[in-house]
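Enquirer: Okay, here's the structure, questions in a sec.
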Amino acid sequence: RWEHPQRGLVMPDTLIPLAEYTGLITPITEWVLESAVQQCRTWRANGIQSRLNINLSARNLDDPELPDRLVKLLDRWGVTTDCVMLEITESAVMTHGTHERNVLHRLHAHGIKIAVDDFGTGYSSLSHLRELPLSQLKIDKSFVLDMDQDENDAVIVRSMIDLAHNLGLRVVAEGVENQEVSNLLAMLGCDL
Numbered sequence: 010r011w012e013h014p015q016r017g018l019v020m021p022d023t024l025i026p027l028a029e030y031t032g033l034i035t036p037i038t039e040w041v042l043e044s045a046v047q048q049c050r051t052w053r054a055n056g057i058q059s060r061l062n063i064n065l066s067a068r069n070l071d072d073p074e075l076p077d078r079l080v081k082l083l084d085r086w087g088v089t090t091d092c093v094m095l096e097i098t099e100s101a102v103m104t105h106g107t108h109e110r111n112v113l114h115r116l117h118a119h120g121i122k123i124a125v126d127d128f129g130t131g132y133s134s135l136s137h138l139r140e141l142p143l144s145q146l147k148i149d150k151s152f153v154l155d156m157d158q159d160e161n162d163a164v165i166v167r168s169m170i171d172l173a174h175n176l177g178l179r180v181v182a183e184g185v186e187n188q189e190v191s192n193l194l195a196m197l198g199c200d201l
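Here's what the structure looks like:
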């Protein structure tokens, strides 16, 4: 999110496509990664063992130097790889080829965790979930928001949780807005 002085709050769905189009996504990502790693360092120095999830643009997967730059950044700040998890959208996973998958495998080889964000909104092939070095699956809020009132949403969420767990992935549900949904997710075995 960007607080623009004249336009106010500019949301990611507006900002990111423009940054990708203009080529500014790389310096923005570098700034975000640097800021996130510094924040992790501060938290760890204060005894807070939290992790930051950092969204990557699909364009970032085109950068073969990303894994090495991120590892150098972590080393420079004395932060271990368990402090960050990179998130890529389901559509980014589906639309990219071998080169981008190699970037993901190299990140994974360095111990960097990778999550699929907005799962269920695209057209994932189960073979992609099986082939990629993923650690976490994030169920999109469109399935979670009303799952306490919509039986079909609850069935879909339960299936996603079971699928992810059977693949050895942790599951995060986005869009939990009330205690009833939280309780239902806990009952279904959702991790976070």
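Numbering (our numbering), first residue to last: 10 to 201. All C-beta atoms in this analysis are idealised placements derived from N, C-alpha and C, irrespective of residue type, glycine included.
Let's see if you can read the secondary structure: which residues bound the alpha helix (DSSP H) around Arg10?
Expert: No alpha helix (DSSP H) contains Arg10, which DSSP labels as neither H nor E.
Enquirer: How is Leu33 classed by DSSP in three states: helix, strand or coil?
Expert: coil
Enquirer: What residue does the beta strand (DSSP E) around Ala1 start on, and which one ends it?
Expert: The structure shown has nothing for residue 1, since the chain only spans 10 to 201.
Enquirer: Arg78: which of Arg139, Leu194, Leu116 and Asp155 sits nearest, CA to CA?
Expert: Leu116
Enquirer: Under the three-state reduction of DSSP, which class applies to Met156: helix, strand or coil?
Expert: Met156 falls in the coil class under three-state DSSP.
Enquirer: Any contact of the region 151-167 with the region 33-43, i.e. 3+ C-beta pairs under 8 angstroms?
Expert: no
Enquirer: Is Asp72 near the ligand NAP, with its Cβ less than 7 angstroms from a heavy atom?
Expert: The ligand NAP is absent from the structure shown, which contains no ligand whatsoever.
Enquirer: Quick one: what's got a C-beta closer than 7 angstroms to Val190's C-beta in the same chain, skipping five residues either side?
Expert: Here the set comprises Val153, Met156 and Asp157.
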